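If you count by our numbering, then the sequence shown holds residues 105 to 368, one letter each, in order.
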Amino acid sequence: MSAIFRREWSAMMWSKLSPHEQAEKFRSCALAQVKSRHRRLRAEKMYYGANDEPLRHHIEAINRFSDLTLLHGRDDDAACEAAVHLLLAVDGECRGGIPDEFLYVRAGGPRVRATLLKKGFTHGNSVGALFVNATSKVVLREYFREAGHDLLMDANELDTIEALQRSGRTVRLYRGTGRLIEPYNTRYRGMSWTRDRATAERFANGNAWGGRWAGIMTCEYPVRHILALWETSGREPEVVIDPTKAKNISVEDHTYVEPLARAA
Numbered sequence: 105m106s107a108i109f110r111r112e113w114s115a116m117m118w119s120k121l122s123p124h125e126q127a128e129k130f131r132s133c134a135l136a137q138v139k140s141r142h143r144r145l146r147a148e149k150m151y152y153g154a155n156d157e158p159l160r161h162h163i164e165a166i167n168r169f170s171d172l173t174l175l176h177g178r179d180d181d182a183a184c185e186a187a188v189h190l191l192l193a194v195d196g197e198c199r200g201g202i203p204d205e206f207l208y209v210r211a212g213g214p215r216v217r218a219t220l221l222k223k224g225f226t227h228g229n230s231v232g233a234l235f236v237n238a239t240s241k242v243v244l245r246e247y248f249r250e251a252g253h254d255l256l257m258d259a260n261e262l263d264t265i266e267a268l269q270r271s272g273r274t275v276r277l278y279r280g281t282g283r284l285i286e287p288y289n290t291r292y293r294g295m296s297w298t299r300d301r302a303t304a305e306r307f308a309n310g311n312a313w314g315g316r317w318a319g320i321m322t323c324e325y326p327v328r329h330i331l332a333l334w335e336t337s338g339r340e341p342e343v344v345i346d347p348t349k350a351k352n353i354s355v356e357d358h359t360y361v362e363p364l365a366r367a368a
């Protein structure tokens, strides 16, 4: 059974639930993820709460989000703000895993889903990012295609996409990596690239610390396959791509440079 088919089946079963059932199911799954994180951190001696139960701010954020978006079916500014607050209230892998629970079954409305997708993709660290915690990388790309540029990007970024489409079929992109296999295997290739080489160099430099291998990848990427471009509304200049569409990738080794020396 393919990843897409499994998702369609799950979405169909979800659609048969009443709004109350959807809200309760999502709430229980989200709270379970928070408990699982606490349990993992406790085992690693990194969490010293009284128990593994979600804290008050976790419960309040999850309850408000599920009530607005599922019980009351809202897809407005208040619902999107609740989505942002939810991802600020939780941390670690929950910032990727909880949005994936919602997006996988196409819960809620399109604006809320786009908000969860963008914030879950950009606001998680290496442990918590939606890219790491999504059910499937194939399905994750579908999340972006379903959301579309209009809901994921601001006016300036939409203008940039239009300008790129007029100027040519491809755009040069860069990505810093610490994995030797990434340039040659789409299964290990990241979705976050950039038009700004300095940003890619910064990521490569972080990977190169301690004498580890790092490189800067370059590709000419088809503009029509860009999933999202965040250069004014994101946390850093970022272009989200379908890794299977990146062709003619070149890579150059990057040696660690002390930040002050690099700035000079």
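We put the beta carbon where it would ideally sit given N, CA and C, even for glycine. Here the structure is a predicted model, which means the values were calculated and not measured.
Quick one, which of the options has its alpha-carbon nearest residue i's?
i	options	result
R270	A154, V327 and V138	V327
E197	Q137, L256, I163 and K149	Q137
A154	E164, R143 and I163	R143
E335	Y292, K139, E261 and A147	E261
V188	A211, P214 and L221	L221
E164	V216, D179 and V194	V194
D204	T303, D181 and L234	L234
A186	A312, V209 and R217	R217
G212	A267, Y288, N237 and F169	F169
P363	Q126, L333 and F307	F307
T290	E128, T348, T239 and A318	T348
D156	K139, L145 and S240	K139
R110	T239, P158 and L159	T239
R273	K241, Y152, A350 and V361	A350
N237	R141, D346, S337 and H124	R141
D179	T219, V242 and L159	T219
State yes or no: is the C-beta of residue i within less than 8 Å of the C-beta of residue j?
i	j	result
G282	R316	yes
T226	R301	no
L174	F130	yes
R299	V355	no
L191	R199	yes
L255	R215	yes
L121	R249	no
R276	E324	yes
N311	A304	no
V209	A115	yes
T322	Y360	no
I166	L135	yes
Count the other CB atoms within 10 Å of the CB of residue i; is the residue buried (16 or more) or exposed (fewer)?
i	result
N223	The residue asked about is misnamed: residue 223 is Lys in this sequence, not Asn. Its Cβ being crowded by 16 or more others within 10 Å, K223 is buried.
M58	This structure cannot settle anything about residue 58, because the visible part of the chain is limited to 105 through 368.
A368	Here A368 scores only 49 on pLDDT, less than 50, and its place in the model is too uncertain to base an answer on.
N309	buried
H358	buried
H161	exposed
L284	exposed
S132	exposed
T264	buried
D181	exposed
Y247	buried
S119	exposed
M150	exposed
A267	exposed
S106	exposed
A147	exposed
G201	buried
N352	exposed
W113	exposed
Ends of the beta strand (DSSP E) at residue i?
i	result
I353	K351 to D357
V344	E342 to V344
On the DSSP letters alone, give me the boundaries of the alpha helix (DSSP H) that residue i sits inside.
i	result
R127	Here residue 127 is Ala; the residue named in the question, Arg, does not match the sequence. It spans P123 to A147 - the alpha helix (DSSP H) in which A127 sits, taken as one unbroken run.
L191	D181 to A193
N167	R160 to S170
H253	H253 to L256
A115	A107 to S119
Going by the C-beta, is residue i closer than 7 Å to any heavy atom of the ligand MN?
i	result
I345	This structure does not include the ligand MN; it has no bound ligands of any sort.
Go through the stretch 202 to 249 residue by residue and report every complete run of the alpha helix (DSSP H) that reaches 4 residues or more, in order. Every alpha helix (DSSP H) of 4 residues or more that sits fully in the stretch 202 to 249 is shown, in chain order, as 214 to 226 and 234 to 237.
Taking only runs that begin and end inside the stretch 270 to 334, name each unbroken beta strand (DSSP E) of 3 or more residues, in chain order. 274 to 281, 319 to 326 and 332 to 334
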